[in-house]
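See structure below.
In this note's numbering, the protein residues as written are 2 to 81.
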(Lines of atoms letter the chains of each structure in order from A and count residues from 1; the text may use other names and numbers.)
(Lines give C-alpha, C1' and ligand atoms only; values in the text may rest on other atoms or scores of the structure.)
Protein backbone atom coordinates (compact mmCIF):
# COMPACT_ATOMS: atom_id res chain seq x y z
CA UNK A 1 0.00 0.00 0.00
CA UNK A 2 1.23 3.53 -0.75
CA UNK A 3 -0.86 5.23 1.88
CA UNK A 4 1.54 7.36 3.99
CA UNK A 5 -0.49 6.78 7.15
CA UNK A 6 -0.12 3.00 6.82
CA UNK A 7 3.58 3.23 5.91
CA UNK A 8 4.45 5.52 8.85
CA UNK A 9 2.48 3.39 11.29
CA UNK A 10 4.21 0.20 10.17
CA UNK A 11 7.65 1.85 10.27
CA UNK A 12 6.97 3.11 13.78
CA UNK A 13 5.97 -0.34 15.01
CA UNK A 14 9.00 -1.98 13.36
CA UNK A 15 11.52 0.54 14.74
CA UNK A 16 9.97 0.34 18.20
CA UNK A 17 10.30 -3.44 18.21
CA UNK A 18 13.90 -3.35 16.94
CA UNK A 19 15.39 -0.55 19.04
CA UNK A 20 13.12 -0.56 22.14
CA UNK A 21 13.88 3.14 22.64
CA UNK A 22 11.90 5.61 24.70
CA UNK A 23 11.59 9.31 23.98
CA UNK A 24 12.83 11.85 26.52
CA UNK A 25 10.04 12.95 28.87
CA UNK A 26 9.73 16.51 27.48
CA UNK A 27 9.37 15.25 23.89
CA UNK A 28 6.94 12.53 24.95
CA UNK A 29 4.88 15.08 26.91
CA UNK A 30 4.80 17.41 23.88
CA UNK A 31 3.90 14.75 21.30
CA UNK A 32 1.25 12.90 23.33
CA UNK A 33 -1.66 15.28 22.45
CA UNK A 34 -0.70 15.14 18.78
CA UNK A 35 -0.60 11.34 18.79
CA UNK A 36 -3.98 11.20 20.53
CA UNK A 37 -5.57 13.07 17.63
CA UNK A 38 -4.10 10.64 15.07
CA UNK A 39 -7.06 8.26 14.97
CA UNK A 40 -9.65 10.95 14.30
CA UNK A 41 -7.50 12.59 11.64
CA UNK A 42 -6.78 9.25 9.96
CA UNK A 43 -10.48 8.36 9.87
CA UNK A 44 -11.35 11.79 8.47
CA UNK A 45 -8.71 11.40 5.75
CA UNK A 46 -9.90 7.88 4.99
CA UNK A 47 -13.48 9.09 4.62
CA UNK A 48 -12.43 11.84 2.23
CA UNK A 49 -10.39 9.54 0.04
CA UNK A 50 -13.02 6.80 -0.03
CA UNK A 51 -15.81 9.08 -1.15
CA UNK A 52 -13.63 10.76 -3.76
CA UNK A 53 -15.20 14.11 -2.96
CA UNK A 54 -12.07 15.92 -1.87
CA UNK A 55 -12.15 18.15 -4.94
CA UNK A 56 -15.86 18.91 -4.43
CA UNK A 57 -15.55 20.20 -0.88
CA UNK A 58 -16.01 23.89 -0.37
CA UNK A 59 -12.89 25.76 0.67
CA UNK A 60 -14.72 27.16 3.69
CA UNK A 61 -15.47 23.67 5.01
CA UNK A 62 -11.88 22.51 4.51
CA UNK A 63 -10.54 25.59 6.32
CA UNK A 64 -12.98 25.08 9.19
CA UNK A 65 -11.97 21.44 9.64
CA UNK A 66 -8.28 22.38 9.41
CA UNK A 67 -8.62 25.10 12.04
CA UNK A 68 -10.52 22.81 14.40
CA UNK A 69 -7.80 20.18 14.03
CA UNK A 70 -5.08 22.75 14.73
CA UNK A 71 -6.90 24.01 17.82
CA UNK A 72 -7.39 20.49 19.16
CA UNK A 73 -3.90 19.26 18.38
CA UNK A 74 -1.70 22.26 19.14
CA UNK A 75 -3.42 25.13 20.90
CA UNK A 76 -5.47 23.25 23.50
CA UNK A 77 -2.43 21.39 24.91
CA UNK A 78 -0.54 24.68 25.13
CA UNK A 79 -3.42 26.33 27.00
CA UNK A 80 -4.03 23.42 29.35
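Here a beta-carbon is modelled for each residue, glycine too, at the ideal position from N, C-alpha and C. None of the values given here were measured: they were computed from a predicted structure.
Residues near residue i by beta carbon distance below 7 Å, same chain, minus five either side
{"i": "residue 43", "result": "6"}
Rounded separation between residue i and residue j - CA only
{"i": "residue 1", "j": "residue 28", "result": "The structure shown has nothing for residue 1, since the chain only spans 2 to 81."}
{"i": "residue 10", "j": "residue 80", "result": "28 Å"}
{"i": "residue 32", "j": "residue 20", "result": "19 Å"}
{"i": "residue 40", "j": "residue 50", "result": "15 Å"}
{"i": "residue 8", "j": "residue 15", "result": "11 Å"}
{"i": "residue 66", "j": "residue 72", "result": "10 Å"}
{"i": "residue 52", "j": "residue 59", "result": "15 Å"}
{"i": "residue 13", "j": "residue 26", "result": "18 Å"}
Rounded Cβ spacing between residue i and residue j (contact assumed at less than 8 Å)
{"i": "residue 34", "j": "residue 74", "result": "6 Å"}
Cutoff 8 Å; reference residue i; Cβ partners in own chain excluding five residues on either side
{"i": "residue 46", "result": "6"}
{"i": "residue 63", "result": "none"}
{"i": "residue 77", "result": "34"}
Host alpha helix (DSSP H) of residue i (start-end)
{"i": "residue 38", "result": "Premise fails: residue 38 is in no alpha helix (DSSP H) and is neither H nor E."}
{"i": "residue 77", "result": "77-80"}
{"i": "residue 5", "result": "5-20"}
{"i": "residue 72", "result": "Here residue 72 belongs to no alpha helix (DSSP H), and DSSP marks it neither H nor E."}
Neighbourhood of residue i by C-beta, 6 Å cutoff - its chain only, sequence neighbours within 5 removed
{"i": "residue 61", "result": "none"}
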